[in-house]
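Following: one structure in structure tokens, then a few remarks.
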Amino acid sequence: MLELFFEFWRLNDPNVVWVLTGSVLLGSSAGAIGCFAFLRKRSLTGDALAHAALPGVTTAFLLFHSRDPLVLGAGALVSCFIGYFVIEHLIKRTIVKEDSAFAIVLSLFFAVGIFQLTRIQKTGIASQAGLDKMLFGQAAGMVRDDVKILGAVALGLLLFVILSFRQLKSISFDRQFSQTTGLPVAFFEMLLALSLVLSVVIGLQLVGVVLMAAVLLTPAAAARYWTNNLAAMVLISGIFGGLAGAFGANVSYLAPRMPTGPWMVMGVSAVFLISLLFAPDRGLLARIKRQNRLSRKVHEENILRTMYKIGENAGDFSIPVDTGTLLSYRNMALQQMEAALRRLRRKGLVEISEGRFTLTASGLERAKEVTRFHRLWELYLSKRIQIAPDHVHDEAEEIEHILTPDLEALLLQELGSPIEDPHGRVIPKAAAAEGEHK
Amino acid sequence: MPNNPSPLEVHDLTVSYHHRPVLWGVDFTIPEGKIISIVGPNGAGKSTLLKAVMGLLPLSSGYVKIYGEPLQKKRSIVAYVPQREEVDWDFPINVLDVVLMGRYGRLPFYRRLREEDTALAKDALNQVGMLELQNRQISQLSGGQQQRVFIARALAQQATVYLMDEPFAGVDAATEKAIVTLFESLKSQGKTVICVHHDLNTVIEYFDWTILINLRLVACGPTEEVFNADNLNTTYGGRLGLLAEITERLRQSEWKRRAE
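Quick note, the sequences are listed as chains A and B, same order.
In our numbering, each number is its position in the first sequence, counted from 1, plus 4.
In our numbering, each number is its position in the second sequence, counted from 1, plus 44.
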């Protein structure tokens, strides 16, 4: 097995080179085109069109008794377009909604295709061999001529994306506005539909009709995780699609009896899963990390505020407190509290001696700030939004941790530099403001 | 005034949606260089009117003229600001990209964006106070900022007539003020601004002219003349019950007014 794997990547076999080139080109052009279907929320179009290609292929074969990729491709093209127009008509002219229109057309066309495929197999026409591979794809079965056509179309599709990138961007973001600027929206939408159809047609042999949608859309969905820039997204999606193509071709070479389509889908789905989990910023792990960071911050600030309150009540901030006292003021799991106190200590905001904690000088400053935000926000809520003073505390809890100094300045302006919060407690002043008053 | 055609003339306009007329025989002409509001209750056809004027909806009857000519000939001088909710703000582009879309209509298919286009887009952003945020991802904008970006995109079109669908909906006080100031500056350049507007409290303060509609035209004229209790009653009151009823019956009978 491993021997075969290396044999494949040594690229000594010219047929391997052809199949590999074809698969990579198909994967990347489908990935690039798919971005626009994905962003326009037309993901189902790809799926419906792919299935709609099958009866075209079988009809062309029945009519011309030929396996010529041009003949079969033309058949697929025709039936894709018929499918496309039936869908459009159903949506625009009848009470059928989009999702149902796709489902109806997809299953009807596919059923007709399977019907004819079964008939072809029964008639035993010699050259039927290979036609049933169009369901799930068979890369290894491709010959040089197949790849030449496929490659030319795939390059054409990539060129289309590059040349009309600006128009596709505008239409995908805001179709109606684009129309008002005089952009020929209907024309570009037609071209976009044609490119989807063409990628389906050239994907017939490699991926097959059943799974083509995944090769169009999954790379785009994965690429969206890595960037906020459309050009980068199209590029990344193209690369992901190309990688999946190479993977599919490789597997097809190692196990020639295996259909290629499912393997390519496995490949892109693995990439998607990795993106979903590990992408910076938008990925799941990054999100969890951000949430954890915020909740740690909230715990720390709550402890600082509690220590300030205890000191304020005692009239002395230098009296050490233990966790028991803190817990009597602040409902919190002991474990969380201890962890937060350890972090505060590392940051030099809290000191510990004999199991009791005191605020350091910088800790006191920070505690004052947190308390100030909290009390200002409480005051704002009770004054401006007229929430009863005994209800404002919980509301303030959530906001104070995300208040920034510029928001604080706005609050101060709005409230006219107040002295007391709605509970009659003094609002501690910022260090700079304190200096001004003295 | 045949020598000086109106920036927008709407003649006997009827628009149907799924066989249901949502605007009936609307007919008005507006003067140049005014700030104009379109006012009416929910479902009165305000947005439909703007979309019909912009050629986004098929007309069942009637016509729209911009400075005396059909829209196709005057596209470059009319800018449209859709409602914010009509697009997906999680789209992978930044603020400047959106505003540059205001320039696309002017460029032939093969032509790349010129420096001049970027300069105009930045100037438009500056006019709405958003230049500093030009590289910001659009998903990180507040509602008011989204609205300003949309308005900047229209400004980048360098149009003469602006049609805006609820530019004041859901924006903060600062944005509202910025938009009003911008309107005044457009007006001083002789440009015409037409807005669908929701807040009846500010109609008198913000708008020179007012168009009151509810399925049909109720009144169109200088705000101080037409924005009165009588017209508001007709627009918002129950007297339209009959028209609404007929509309509903027509829909059920699949009536369709033939296009002319």
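Beta carbons are placed, not taken as given, at the ideal position from N, Cα and C, and that holds for glycine.
Rounded to whole angstroms, the gap between the alpha carbons of residue 319 of chain A and residue 373 of chain A is 18 Å.
Secondary-structure assignment with DSSP links residue 72 of chain B through a beta bridge to B:54. Chain B places no beta carbon closer than 7 Å to that of residue 97 of chain A, leaving this residue out of the contacts.
Using a Cβ distance threshold of 7 Å, residue 203 of chain A and residue 91 of chain A do not count as a contacting pair.
Contact fails between the segment 260 to 273 of chain B and the segment 106 to 125 of chain B, because fewer than three Cβ pairs, one in each stretch, are under 8 Å apart. Residue environment: residue 238 of chain B is assigned as buried (16 or more neighbouring CB atoms within 10 Å of its CB, all protein chains considered).
For the segment 331 to 367 of chain A, the continuous beta strand (DSSP E) assignments of 3+ residues that do not extend past its boundaries occur at 354 to 357 and 360 to 363, in sequence order. For the C-beta of residue 228 of chain A, the chain B residues within less than 8 Å are, from N- to C-terminus, 136. Taking all protein chains in view, the Cβ of residue 303 of chain A is crowded by 16 or more other Cβ atoms within 10 Å, so the residue is classified as buried. Restricting attention to B:156, B:229, B:113 and B:130, the CA atom closest to the CA of residue 44 of chain A is found in B:130. In this structure the segment 150 to 161 of chain A lies against the segment 21 to 34 of chain A, because at least three pairs of beta carbons, one per stretch, are closer than 8 Å.
Residue 87 of chain A and residue 121 of chain A have their alpha carbons spaced roughly 18 Å apart. Where residue 249 of chain A is concerned, the enclosing alpha helix (DSSP H) starts and stops at 234 to 258. For residue 130 of chain B, the residues of chain A that pass the 8 Å Cβ criterion are 178 and 180, in the order they occur in the chain.
At the C-beta level, residue 83 of chain B and residue 261 of chain B stay beyond 7 Å of one another. By the beta-carbon neighbour count (other beta carbons within 10 angstroms, threshold 16), residue 62 of chain B is exposed. When rounded, the separation of the alpha-carbon atoms in residue 94 of chain B and residue 222 of chain B is 23 Å. Within the model, the alpha-carbon separation for residue 63 of chain A versus residue 193 of chain A is close to 27 Å. For residue 148 of chain B, the chain A residues whose C-beta falls within less than 8 Å of its own C-beta are 170, 171, 174, 182, 185 and 187, listed in chain order. Residue nearest to residue 316 of chain A within the set A:371, A:246 and A:359 is A:371 (criterion: CA-CA distance). For residue 196 of chain A, the closest C-alpha among the options A:176, A:242 and A:105 is that of A:176. By the rule that beta-carbons nearer than 7 Å mark a contact, residue 181 of chain B touches chain A. Of the residues assessed, residue 282 of chain A falls on the exposed side of the cut-off, its CB having fewer than 16 other CB atoms within 10 angstroms. Closest in C-alpha terms to residue 127 of chain A, from the list A:107, A:259, A:69 and A:111, comes A:69.
Distance from the Cα of residue 224 of chain B is smallest, within the candidate group B:276, B:126 and B:79, for B:79. Shown here for residue 429 of chain A: same chain residues with a beta carbon closer than 8 Å to its own, the five before and five after excluded, namely 316 and 379 in chain order. Boundaries for residue 421 of chain A: no beta strand (DSSP E) harbours it, and the DSSP string shows neither H nor E there. For residue 241 of chain A, the closest alpha carbon among the candidates A:20, A:42 and A:22 is that of A:42.
For the segment 163 to 180 of chain B, the set of residues with a beta-carbon nearer than 8 Å to any beta-carbon of chain A is empty. For residue 123 of chain B, the uninterrupted beta strand (DSSP E) run begins and ends at 122 to 125, by DSSP.
The alpha-carbon of residue 51 of chain A is positioned some 37 Å away from that of residue 178 of chain B. The C-alpha of residue 119 of chain A is placed about 52 Å away from the C-alpha of residue 143 of chain B. The Cβ of residue 61 of chain B sits no closer than 7 Å to any Cβ of chain A. From the listed residues B:182, B:145 and B:135, the smallest Cα separation to residue 170 of chain A is found for B:145.
Take residue 32 of chain A, set aside five residues on each side of it, and the residues of its chain with a beta-carbon closer than 8 Å to its own are 158, 162, 242, 243, 245, 246 and 249, in chain order.
Chain-order list of chain A residues neighbouring residue 201 of chain B: 185, by C-beta distance under 8 Å.
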